[in-house]
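In what follows, a structure is listed as structure tokens, so that the remarks can point back to it.
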Amino acid sequence: MKLPVVFILLTVMIDAMGIGLIVPVMPALIQEVNGAGLGTAALWGGVLATSFAAMQFLFGPLLGALSDRYGRRPVLLLSLVVLAVDYLVMAVAGTIWLLLLGRVVGGITAATQSTANAYMADISRPEDKAANFGLIGAAFGMGFVLGPALGGFLAEYGTRAPFYAAAALAAANAVFGYIVLKETVDDRIRRPFAWRRANPFGLFRHLAKLPGLGPLLLVFFIYQVAFTVYPAIWAYYTAERFDWSPGMVGLSLSLFGISMAIVQGGLIRPMLRLMGERGAVIYGHVADVMVFLMIGFVSSGSWLLILTPLAALPAVITPALQGIMSKAVGDDQQGELQGALVSISALAMIISPMLMTFVFYRFTEPANGIYLPGAPFLLAGVLIAIALMVFMRSAPPRPSLNIGGSTPP
Numbered sequence: 001m002k003l004p005v006v007f008i009l010l011t012v013m014i015d016a017m018g019i020g021l022i023v024p025v026m027p028a029l030i031q032e033v034n035g036a037g038l039g040t041a042a043l044w045g046g047v048l049a050t051s052f053a054a055m056q057f058l059f060g061p062l063l064g065a066l067s068d069r070y071g072r073r074p075v076l077l078l079s080l081v082v083l084a085v086d087y088l089v090m091a092v093a094g095t096i097w098l099l100l101l102g103r104v105v106g107g108i109t110a111a112t113q114s115t116a117n118a119y120m121a122d123i124s125r126p127e128d129k130a131a132n133f134g135l136i137g138a139a140f141g142m143g144f145v146l147g148p149a150l151g152g153f154l155a156e157y158g159t160r161a162p163f164y165a166a167a168a169l170a171a172a173n174a175v176f177g178y179i180v181l182k183e184t185v186d187d188r189i190r191r192p193f194a195w196r197r198a199n200p201f202g203l204f205r206h207l208a209k210l211p212g213l214g215p216l217l218l219v220f221f222i223y224q225v226a227f228t229v230y231p232a233i234w235a236y237y238t239a240e241r242f243d244w245s246p247g248m249v250g251l252s253l254s255l256f257g258i259s260m261a262i263v264q265g266g267l268i269r270p271m272l273r274l275m276g277e278r279g280a281v282i283y284g285h286v287a288d289v290m291v292f293l294m295i296g297f298v299s300s301g302s303w304l305l306i307l308t309p310l311a312a313l314p315a316v317i318t319p320a321l322q323g324i325m326s327k328a329v330g331d332d333q334q335g336e337l338q339g340a341l342v343s344i345s346a347l348a349m350i351i352s353p354m355l356m357t358f359v360f361y362r363f364t365e366p367a368n369g370i371y372l373p374g375a376p377f378l379l380a381g382v383l384i385a386i387a388l389m390v391f392m393r394s395a396p397p398r399p400s401l402n403i404g405g406s407t408p409p
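If you're matching positions, the sequence shown starts at 1 in UniProt numbering and goes up one per residue.
Below, the structure is given as structure tokens:
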């Protein structure tokens with residue numbers, strides 16, 4: 001495997017490790033700086049996640065368009081440097097407002113995933129794109145294997161230690177990328193920068209006009225809203241329902257990451273050969289509905305651990321959808337498409353954490369009457385069912401014939 005590809009996979013893995021490192025300690029950190037109970041901490045966690053996602057939504061298309069104009073390399077390296085600074089700010093934060101500032105700054109340049117996807121699309125043959133996106137998913141899963149376990153371990157040395165570790169990882173990867181990363185955007189696919197393509201709403205309108213792509217973007221959005229229940233609620237849900245420690249939360253997320261890595265790194269190619277990209281998307285949605293229903297009503301922590309690997313089985317959805325959509329646009333639009341997908345994910349992250357944490361708060365506070373901490377997962381199951389119906393009614397997009405030059409916005 002070539003070093004630039006290794007760097008891309010390491011970038012995604014370290015990005016996931018950074019998330020996994022801090023997830024187990026976020027409830028305790030918010031309670032530490034805000035002096036609030038778990039329910040209120042969950043609401044603040046939703047605010048922090050939403051602020052990060054709002055910046056990602058607004059700036060994702062801008063960075064995608066910049067990578068189409070100036071190249072993947074500078075955008076990716078800048079994002080990693082700012083990510084390291086973001087984690088350092090959160091490590092020293094003494095107030096909830098400084099935590100909020102760190103999330104805003106980090107969200108502005110959170111382009112690692114979109115630029116990594118665009119880079120992988122640049123070097124992949126059309127028939128290999130879905131499987132190669134699966135490699136990125138597997139790297140993300142491996143990050144979730146290592147990150148939460150390390151975060152749970154470092155939490156024993158204080159709630160700030162995981163943030164310093166995440167900053168060090170991002171900085172080290174930026175140095176590695178500076179040494180080995182080669183540029184993939186040449187004059188054949190380089191396109192002029194235009195502000196109208198950097199506008200997320202204008203970009204959505206343009207992409208939605210491509211035959212068959214609009215419904216797929218909607219499916220991707222609904223799926224992201226539902227899937228975000230995991231980072232938004234997992235630490236709070238397991239602490240409330242089963243009294244899990246940060247270390248136990250980290251181990252459970254590591255188990256989830258191992259399962260995702262197995263599915264997206266080892267199982268996705270045979271699954272795609274067996275079912276095709278469209279069949280894999282349908283299977284993933286059906287499996288997701290069943291998993292969310294079971295998690296919502298699980299009665300013990302032991303059963304939840306048994307269900308955790310099953311929750312990774314629908315992980316074929318994202319790379320299969322990305323593969324379908326990537327083949328529907330030209331080579332000179334890959335960064336634009338991936339920037340749009342990041343903005344869609346960010347838009348889901350704006351909505352989902354606030355929605356899911358409010359539902360969790362509503363069904364866990366004694367004064368509210370009904371106690372059902374698994375309610376956010378039941379809501380996620382309903383959303384996945386809706387996404388499946390939209391996908392089943394959509395027509396497959398036509399593959400793009402444009403392999404170079406500029407495509408009109």
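For glycine and all other residues, C-beta sits at the position ideal for the given N, C-alpha and C.
- Collapsing the DSSP output to three states places residue 244 in coil.
- Under the three-state reduction of DSSP output, residue 147 falls in the helix class.
- Using a Cβ-Cβ distance cut-off of 8 Å, the region 301-312 and the region 33-43 are not in contact, since fewer than three pairs of beta carbons, one from each stretch, lie closer than that value.
- Separation of the CB atoms of residue 149 and residue 251 is rounded to 6 Å, and the pair is thereby assigned contact status at 8 Å.
- Annotated three-state conformation of residue 114 is helix, per DSSP.
- Within the same chain, Cβ atoms closer than 7 Å to the Cβ of residue 361 are found at 39, 42 and 43, the five residues on either side in sequence being excluded.
- 9 Å or more divides the Cβ of residue 264 from the Cβ of residue 118.
- The beta carbon of residue 33 sits closer than 7 Å to the beta carbons of 93, 94, 95, 96 and 99 from its chain, once the five residues preceding and following it are set aside; these are given in chain order.
- Sequence-distant Cβ neighbours of residue 370 in its own chain, meaning closer than 7 Å and more than five residues away, are 363.
- Assignment of residue 318 by DSSP, reduced to helix, strand and coil, places it in the helix class.
- The Cβ atoms of residue 104 and residue 51 sit closer than 9 Å to each other.
- With a threshold of 16 other beta carbon atoms within 10 Å, residue 179 falls short and is exposed.
- Counting along the chain, the unbroken alpha helix (DSSP H) around residue 282 starts and ends at 268-297.
- In the structure shown, residue 228 adopts coil according to DSSP, grouped into three states.
- Under the three-state reduction of DSSP output, residue 59 falls in the helix class.
- With contacts defined by Cβ atoms closer than 9 Å, residue 377 and residue 233 form a contacting pair.
- In this structure, the alpha-carbon of residue 281 lies about 31 Å from that of residue 48.
- Taking the Cβ atoms as the reference, residue 390 lies roughly 23 Å from residue 114, outside the contact range of under 8 Å.
- Taking a cut-off of 8 Å for Cβ pairs, the region 282-296 and the region 309-321 touch, as three or more such pairs fall below it.
- A residue is called buried once 16 or more other Cβ atoms fall within 10 Å of its Cβ, and residue 183, having fewer, is exposed.
- With respect to residue 352, residue 229 sits close: the two C-beta atoms are nearer than 9 Å.
- In the three-state DSSP reduction, residue 252 falls in the helix class (H, G or I).
- Between residue 285 and residue 387, the beta carbon gap of about 6 Å places them in contact (Cβ cut-off 8 Å).
- Ranked by Cα distance from residue 11, the options 241, 273 and 136 are led by 136.
- A distance below 9 Å separates the beta carbons of residue 349 and residue 53.
- Distance from the CA of residue 107 to the CA of residue 269, rounded to the nearest whole angstrom, comes to 32 Å.
- Assigned with DSSP and collapsed to three states, residue 23 falls in helix.
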